[in-house]
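Heads up: the sequence shown at position 124 corresponds to 125 in this note's numbering, and the numbers run straight through without jumps. Glycine included, C-beta positions come from ideal geometry on N, C-alpha and C. Structure first, then comments.
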Amino acid sequence: MSRIAYVNGAYVATRDAVVSIEDRGYQFADGVYEVCEVFRGALIDEDRHLARLARSLTELRIAEPVGAVALKIILREVLHKNKILNGYVYIQVTRGVAPRDHVFPPASVRPSLIVTARSVDPRKGDAAAQKGVAVATTPDLRWKRVDIKSIALLPNVLARQTAKETGAYEAWLIDAEGMVSEGAASNAWIINQSGTIITRQVDHSILRGITRTTLIDIISAHGLRLEERKFSLEEALGAREAFITGATTLVMPVVAIDGHTIGEGAPGPMALKLRSIFHDEAARST
2 MSRIAYVNGA
12 YVATRDAVVS
22 IEDRGYQFAD
32 GVYEVCEVFR
42 GALIDEDRHL
52 ARLARSLTEL
62 RIAEPVGAVA
72 LKIILREVLH
82 KNKILNGYVY
92 IQVTRGVAPR
102 DHVFPPASVR
112 PSLIVTARSV
122 DPRKGDAAAQ
132 KGVAVATTPD
142 LRWKRVDIKS
152 IALLPNVLAR
162 QTAKETGAYE
172 AWLIDAEGMV
182 SEGAASNAWI
192 INQSGTIITR
202 QVDHSILRGI
212 TRTTLIDIIS
222 AHGLRLEERK
232 FSLEEALGAR
242 EAFITGATTL
252 VMPVVAIDGH
262 TIGEGAPGPM
272 ALKLRSIFHD
282 EAARST
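Below is the structure:
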């Protein structure tokens, strides 16, 4: 069965979905996106994802294509039409269709909205978590406002390709100071030898991950020690545990960085615990 997408007011088969060659998303990567997990038929952390979408649009001065209530209806209709029980829903908003010009088009140009969804078997992610994954490091070549969830992801694509070519699951980006920024498509975490959980503080150099934000709430609720600060690659290599977080990975243990074994070379107990309780404590909406 062909998947169904929402494209600018219409629900169409993915094979028939088209956008204009003059859409500014295609011409300039002038747009933003969100990816929200669907677990057992419920949207996970939906309100936080939509709030971040609204912030990204505001930062780029793109108007909201539809109101928040209408967008929630569209998300549910796309999930229903695709019969998604477990998977992801993807939202993309661009500045719209206009003759190619670097400056913004007139205010009369309406933003473009595309929503798609895909099923995923959660057992695959669970199996990967039980083994743990490897990451490879690359220089952080991204622009200076990665706190905006822009569709301009070419440096992330190159980093992930580098990781794949070395047999790694994810890339960790290293800034000019030798510090870990985040993953190419995830936030980066370590647990030091004293048991403190560490992740980089929120600023313009990382994306405020929704899974990251929810996990911080969980860590606080369970009385675990957390430090939001920069950490170096050297500190990461000496960590007791490491893991990544994201809507498509949840909490994924890292067992090797650049070929160096982390901890005992197996998923750490804290990362596995945080993964196991994540869905019990994250916000769910149907």
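Classification of residue i by the beta-carbon crowding that lies within 10 angstroms, buried from 16 upward
{"i": "residue 256", "result": "buried"}
{"i": "residue 158", "result": "exposed"}
{"i": "residue 269", "result": "buried"}
{"i": "residue 258", "result": "buried"}
{"i": "residue 248", "result": "buried"}
{"i": "residue 94", "result": "buried"}
{"i": "residue 48", "result": "exposed"}
{"i": "residue 23", "result": "exposed"}
{"i": "residue 139", "result": "buried"}
{"i": "residue 230", "result": "exposed"}
{"i": "residue 70", "result": "exposed"}
{"i": "residue 242", "result": "buried"}
{"i": "residue 195", "result": "exposed"}
{"i": "residue 160", "result": "buried"}
{"i": "residue 17", "result": "exposed"}
{"i": "residue 66", "result": "buried"}
{"i": "residue 54", "result": "buried"}
Other residues of its chain near residue i: CB distance less than 6 Å, five sequence neighbours each side excluded
{"i": "residue 76", "result": "90"}
{"i": "residue 136", "result": "169, 171, 173, 255, 258"}
{"i": "residue 115", "result": "8, 93"}
Under 8 Å between C-beta atoms of residue i and residue j
{"i": "residue 34", "j": "residue 79", "result": "no"}
{"i": "residue 111", "j": "residue 88", "result": "no"}
{"i": "residue 1", "j": "residue 192", "result": "Residue 1 lies beyond the range of the chain shown here (2 to 287); nothing can be said about it."}
{"i": "residue 25", "j": "residue 99", "result": "yes"}
{"i": "residue 206", "j": "residue 233", "result": "no"}
{"i": "residue 60", "j": "residue 149", "result": "yes"}
{"i": "residue 189", "j": "residue 200", "result": "yes"}
{"i": "residue 36", "j": "residue 113", "result": "no"}
{"i": "residue 261", "j": "residue 238", "result": "yes"}
{"i": "residue 283", "j": "residue 214", "result": "no"}
{"i": "residue 266", "j": "residue 240", "result": "no"}
{"i": "residue 73", "j": "residue 12", "result": "no"}
{"i": "residue 40", "j": "residue 223", "result": "no"}
Cutoff 7 Å; reference residue i; Cβ partners in own chain excluding five residues on either side
{"i": "residue 30", "result": "151, 152, 153"}
{"i": "residue 212", "result": "246, 247, 248, 251"}
{"i": "residue 84", "result": "none"}
{"i": "residue 43", "result": "285, 286, 287"}
DSSP beta-bridge partners of residue i
{"i": "residue 285", "result": "45"}
{"i": "residue 117", "result": "91"}
{"i": "residue 12", "result": "7"}
{"i": "residue 38", "result": "89"}
{"i": "residue 32", "result": "95"}
{"i": "residue 204", "result": "None; residue 204 has no bridge partner."}
8 Å CB neighbourhood of residue i in its chain, flanking five on each side removed
{"i": "residue 164", "result": "136, 137, 139, 170, 171, 172, 185"}
{"i": "residue 105", "result": "62, 96"}
inquiry  = Suppose only complete runs of 3+ residues qualify. What are the beta strand (DSSP E) ranges in the region 128-199, listed by chain order?
reply    = 134-140, 171-175, 181-184, 188-192
task = Write down every uninterrupted run of the beta strand (DSSP E) in the region 225-267 whose length is 3 residues or greater and which is fully enclosed by it, in chain order.
result = 227-229, 242-247, 251-258
task = Kindly provide the ranges of any beta strand (DSSP E) runs that are 3 or more residues long and lie completely inside the region 83-111, ordered along the chain.
result = Counting only runs of 3 or more, we get 88-95.
ask   = Whole beta strand (DSSP E) runs in the region 59-85 with 3 or more residues, listed along the chain?
value = none
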